[in-house]
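Protein chains in written order, with the working numbering: chain R, 581 to 1225; chain V, -1 to 281.
Written out below as structure tokens is the structure these notes cover.
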Amino acid sequence: MEQRALSKTASTTLLTARDISAAPHRNAEEVLRQVPGVTLVQHGSEGKGHQFFIRGFDAIHGADFELTIDGIPINEWSNIHAQGYIDLGFIIPEVLQGVVVTKGPFTLPQGAFAMAGSADYRMGIPFEDRGFRAAYTLGTTNRHRLLASYTPSDGDGQTFAAVEGTHDDGFGESRNLNRITFNGRASLLKLGRSNLSVTALAGYSEFELPGTLRNDDVEEEFVDFYGTYDPLMNGRSTRGLAVVNYEWKKDTDSFELAGYGGYRRLDLLENFTGFLIDPDNGDRRDQFQETVSFGAQATHHLGLVESLTLHSGIGIRGDVFSQTETNVGLSLEKIEARRELTGLQMIIHGIAGFRWSPLDNLEADVGSRLDLVRVNVENALADGTTGEGTNIVVSPRATVMWHPAVLWRLFAAYGRGFRPPEARAYSGFEPDRMGIGDDLFMGGEPQTTVADAFEIGTRWDPSEWIGFSLAAFATFIERESIFDHVSGTNLELNGTRRLGGELVLYSNPLHWLSLSADLTMVDARFVESGNQVPLAPWLVSGIRAIATHNSGFRGGLRMLVVAPRPLPHGAKGATLLMTDATLGYHWRWLRVDLELENLLNLELREGEYHYTSNWRQGQPASQIPVLHTSAGPPLNARLTVGVVF
Amino acid sequence: MSSIARNIASYYWVRNMQVFMTKPHLKAVGLTIAALPFLGCSEPNEAPRVKLPVVIDGSQITPVTTNLGYDVELESVHVVVEDVVFTVAGEIHTKSFFEHISDAVIPPVFAHPGHYQGGEITGELPGIFNINWLENDGDELGTATLIEGNYSAANFTFGRGSKVQSNADLVGHTAVLTGRATKENHVVSFHITIDSPEGRELVGAPFEATINSQTKGTLGLRFSVEDPLEGDTLFDDVDFHDFDFDDDNSIIITPNREESEDVYNIIRRRFQTHDHFNVHLSE
């Protein structure tokens, strides 16, 4: 999927293997913490997917943020826990050669959920780790991790096998994790300009979940800041993905065909509200999802003349799934089934566009994609009632890059991103309603939500030791279609607009030292009311330093600041300041690396929410929302000792 | 390991760091880094709350004419109400006023802590209240707590009268309505007892108000015989004369009374909708 890297915008971020290794990360998702303007929040534990915030979007678990692995879509379209759910527990971070992050839906390959942007993970063993590698990590949270990988030392890192096993007690309470992961890729056939490869990715994890805590309960010492209300909350996650990829290249022409199949199983037992809804049995909820996925996609780039290349592509992705949600009681007994759905969902897409370079210093990518969304579901809770629907969305995309001078580039981009309705929106589920008149709003038809995004920007690299990128962006959503999980209705939210800018300064003052500082500001508001879009950070800033000296010493320092976030109902969050560091020494075959998280040992309020809960069983519950927090890690360290032959 | 020692002491390193630290942009970066820890000190702020008294407001209990031509005048309205809550419409897109009210019935979403879309409860007056709308007009029920915001609706639960708190007629029942219905100079007195199922909620009573820290006044909990939006009344389709079986110009409509079951169900269904209740802010 080389096109993704070529169609750059001013704000496109490319994380290299060097960047990835320079900052602490427990899993492949946390790599994205290094991307300017992207904020990750973990309101569960390491085994659960993160909550993503980007450019004024609260993308929750991936509803507005597309993630692909070498172009293969990873977002779980209709996951029972959250739409577009991203869980990269089945990816080993050491098997990443880079990540390309496109902020905004500007390039043709960006598919469903890319309303706020996309990240494409590029797999492969980085250069310096090629050969046989083994490593053991010991952490202050009783973390033990074993990693072994192999790729031919004289190869390009694209044929590899890696296995990882992790145990971690986690910080505080209820964050225990056990995980095993395998990633592998083999080239089956390499003939001339053709290459046929197969990739296999698999992971299984069991983990505890601490949930979120009421701030007033923490202040009253009813529960510890790093504690949990319910020590039985837990999850199990399984995912496997197999990809067969065929590539053919000749000069400016190329063809790529990928077919894939996957299996996914997720089981989450959580409780965010205590005894609010059911004062006797509590509000524990067991969510279960099982999905068999399949897909195929083909892209073709045809160079007509030197200045004009045609792009075309077709693809299909589909899921056969079943999902249940059950309220369970204090002894984990079943109280009530709330969801029991099976179905088939598919998206068929077509892409057509061209790259035109009328001048040596001007390049434009223009085109459009058409996505056809089809969903069939059967609702077991409604006597097998079936539902179905079809939606079509056309997404024009255009990027232009102009070099007024050798070291100066100007960019402009427009694109439409979309989010398909989740399968439950077609289920016809209608809970009991009482005391409501005949004028009841029964909800509308499921709709595809679209976002129109614009960006202009520049990159200026006046010298080798300093440069910057500056981008101004705007995103407009006329109506946002959502499925309300409780009322079972399809609702439309008022229109929103997001206006903002991103500044990134970067410097390589020494050949072994890289520095960068970034600032992203966004004003995200509902158009009609003028209210801020809740939860999405309005200001994010980061400073990063990476040192990789020839002597073998290396280190990284990262500081990330998230300004107080606007929360629902006028509440306001705290400033989030995360300070992490790495320090390492690589000598011939020896690798020693130290990761330090939260150097200042602050009580990090990583996730902040405002809703109603009651954790004092038997006491009257207030219905008014209050502040809740999910804690970030305190100061902790991980030491990895490894060898590479 | 001797190579390590050599590198640490390397003149090259020291020299480069000296050059590096003299760059003006790096000084700025350093200052910013130094300032960052101070940004980490802020604490979260809870949403501002406003306290407002809630009073009984009987101003909308006025004589009405039903679709069958009866002039109906209520003489007493006793209702047991529990746990009044107030909701904001949030950012749900509505195309009409009817939708606006109905959207407020959307219950709060607890599927995910990050989920927010409006329709939530952000104000409350907890408690059990025996309300006599006409006799106790203007009496205070208590003080409600509301988060600042644009409110669209109120909800409450229909209760049952207890021996301790209620008059004899209301014990074990949800509501008792008494009054007179007149048609063609023929007057019929009526006594209607209504029992709502346990936990029956009334959702979406109109409450259009912007509440902020400057808001003063009272919240009036109103009952109205006539739906102020559609003009229909609580007693439409009720032919009072038909139920005056003994021609004593007095009728009693109660639950589980076979001869008046149909009309009881009509009245109860209408009574339990949000068409006949609303909350009004009097500043």
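Don't be surprised by glycine CBs; every beta carbon is placed ideally from N, CA and C.
{"Asked": "Could you check what DSSP says for R:Gly1037 in three-state terms: helix, strand or coil?", "Found": "strand"}
{"Asked": "Please list, in chain order, the residues of the segment 149 to 165 of chain V that have any C-beta partner in chain R closer than 7 Å.", "Found": "none"}
{"Asked": "Helix or strand or just coil, what does DSSP make of R:Pro1148?", "Found": "helix"}
{"Asked": "Since I believe R:Ile1126 is in contact with R:Arg598 (beta carbons under 8 Å), could you give me their beta-carbon distance rounded to a whole number of angstroms?", "Found": "7 Å"}
{"Asked": "Return the residues of the segment 119 to 134 of chain V that lie within a Cβ-Cβ distance of less than 9 Å from chain R, sorted by chain order.", "Found": "Ile119, Thr120, Gly121, Glu122 and Pro124"}
{"Asked": "For R:Gly969, which residues of its own chain have a beta-carbon under 6 Å away from its beta-carbon, when the five flanking residues on both sides are left out?", "Found": "Val955, Tyr1006 and Pro1026"}
{"Asked": "Along chain R, in chain order, which residues have C-beta atoms closer than 9 Å to that of V:Val83?", "Found": "Gln1203 and Ile1204"}
{"Asked": "What is the DSSP secondary structure of R:Glu1177, counted as helix, strand or coil?", "Found": "strand"}
{"Asked": "Residues in the segment 206 to 228 of chain V with C-beta within 7 Å of chain R's C-beta atoms, listed in sequence order?", "Found": "none"}
{"Asked": "Taking the straight line between their C-alpha atoms, what separation do you get for V:Leu232 and V:Asp245?", "Found": "24 Å"}
{"Asked": "When you compare only the Cα positions, how much space is there between R:Val1030 and R:Arg1196?", "Found": "42 Å"}
{"Asked": "Taking CB distances under 9 Å as the criterion, tell me whether V:Val86 reaches chain R.", "Found": "yes"}
{"Asked": "Can the beta-carbon of R:Gly745 be found closer than 9 Å to that of R:Ile760?", "Found": "yes"}
{"Asked": "Throw me the rounded Cβ distance for the R:Ala662 and R:Ile634 pair, which I believe falls under 8 Å.", "Found": "Between R:Ile634 and R:Ala662 the Cβ distance is about 16 Å, and since that is not below 8 Å, they are no contact."}
{"Asked": "Spatial neighbours of R:Ala766 within its chain, please: CB distance less than 6 Å, with the 5 preceding and 5 following residues excluded, ordered by chain position.", "Found": "Thr739 and Val778"}
{"Asked": "Using a beta-carbon distance below 9 Å, is R:Gly691 in contact with chain V?", "Found": "no"}
{"Asked": "Please tell me whether V:Pro253 has its Cβ less than 9 Å away from any Cβ of chain R.", "Found": "no"}
{"Asked": "What whole-angstrom Cβ distance do V:Thr141 and V:Leu50 have, given they're in contact under 8 Å?", "Found": "7 Å"}
{"Asked": "Any residues in the segment 1169 to 1189 of chain R with a beta carbon nearer than 8 Å to a beta carbon of chain V? Which ones, in chain order?", "Found": "Leu1180, Leu1182, Arg1185, Gly1187, Glu1188 and Tyr1189"}
{"Asked": "Answer yes if the segment 797 to 815 of chain R comes into contact with the segment 847 to 859 of chain R, meaning at least three C-beta pairs across the two stretches below 8 Å, and no otherwise.", "Found": "yes"}
{"Asked": "So what's R:Leu1020 in DSSP terms, helix, strand or just coil?", "Found": "Residue placement at R:Leu1020 cannot be trusted, given a pLDDT of 43 that sits under 50; what the coordinates show is reported in the next sentence. R:Leu1020: coil per DSSP, three-state reduction."}
{"Asked": "Would R:Val1206 and R:Asn795 qualify as a contact pair, given that the criterion is a beta-carbon distance under 9 Å?", "Found": "yes"}
{"Asked": "Would you kindly work out how many angstroms separate the C-alpha atoms of V:His110 and R:Gly1136, rounded to a whole number?", "Found": "Legend: pLDDT at V:His110 = 47, less than 50; position of this residue unreliable, value from coordinates given subsequently. Cα to Cα, the separation comes out at about 35 Å."}
{"Asked": "Go through the segment 610 to 683 of chain R residue by residue and report every complete run of the beta strand (DSSP E) that reaches 3 residues or more, in order.", "Found": "618 to 621, 631 to 634, 645 to 649 and 676 to 683"}
{"Asked": "Any idea what DSSP makes of R:Asp1032, helix, strand or coil?", "Found": "strand"}
{"Asked": "Using a Cβ-Cβ cut-off of 6 Å (strictly less than) and excluding sequence neighbours within five positions of V:Glu97, which residues of its own chain qualify?", "Found": "Reliability of the predicted coordinates at V:Glu97 is poor, the pLDDT of 43 falling under 50, and no value is obtained from them."}
{"Asked": "Cα separation between V:His278 and R:Ala602?", "Found": "60 Å"}
{"Asked": "Looking at V:Thr252 and V:Gly197, is the spacing between their C-beta atoms short of 9 Å?", "Found": "no"}
{"Asked": "Looking at the structure shown, is R:His605 part of a helix, part of a strand, or coil, going by DSSP?", "Found": "coil"}
{"Asked": "Can you name, in chain order, every residue of its own chain whose Cβ lies under 7 Å from the Cβ of R:His1129, other than the five neighbours on each side?", "Found": "Trp1092"}
{"Asked": "Thinking just about the alpha-carbon of each residue, which of R:Lys914, R:Arg1078 and R:Leu952 is nearest to the one in R:Phe1056?", "Found": "R:Arg1078"}
{"Asked": "At 9 Å on the CB atoms, spell out the chain V contacts of R:Ala1151, in chain order.", "Found": "Pro42, Asn43, Glu44, Ala45, Pro46 and Ile145"}
{"Asked": "What did DSSP end up calling R:Val798 once you bin it into helix, strand or coil?", "Found": "helix"}
{"Asked": "Which runs of the beta strand (DSSP E) at least 3 residues long sit entirely within the segment 810 to 852 of chain R? Give them in chain order.", "Found": "814 to 830 and 833 to 850"}
{"Asked": "Given that R:Asn795 touches chain V, what residues does it touch there, using C-beta distances under 7 Å?", "Found": "Pro42"}
{"Asked": "On a CA-only basis, which of R:Gly1153, R:Phe1048, R:Asn907 and R:Thr648 is nearest R:Leu987? Give me that one, please.", "Found": "R:Phe1048"}
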